[in-house]
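Take a look at the structure below.
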Amino acid sequence: AVGFTGIPALILALAIVLLSSCQPAYAEIPGASQTYKRTLIRAAHAHWGLDAPIATLAAQVHQESRWKVDARSPV
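Going left to right, the sequence shown walks through residues -27 to -1, 1 to 48 as mature numbering (1 follows the signal peptide of the UniProt record, and there is no 0) numbers them.
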């Protein structure tokens, strides 16, 4: 029988240890987004129609302002 020895065995053992310690990531919809949900959907449908990328637009708003009305660009 041929066994794993040396560096390949070490890499395999390290990979198993690292992968077994991974935890799943849980995401939640920000509470502040609920305030603007209907407005965002209405505006997106008015501009792009019923096939509007609602989730993408909401993600962009979240990334750029974290749903803060008074957010200002540092640029």
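Each residue gets a CB set at the ideal place from its N, CA and C atoms; glycine is no exception. From a predicted model like this one, the values you see are computed outputs, not experimental measurements.
Query                                                                                           : Result
Whole-angstrom distance between alanine -19 and leucine -10, CA atom to CA atom                 : 14 angstroms
8 angstroms contact criterion, which leucine 30 and alanine 17 should meet: CB distance rounded : 5 angstroms
Glutamine -5 (DSSP reduced to helix, strand or coil)                                            : coil
Proximity of tryptophan 40 and tyrosine -2 at Cβ, strictly below 8 angstroms                    : no
Alpha helix (DSSP H) segment containing glutamate 1, residue limits                             : Neither: glutamate 1 is in no alpha helix (DSSP H) and is coded neither H nor E.
Proximity winner among Val48, Val34 and Ser(-7), relative to alanine 5 (alpha-carbon distances) : Val34
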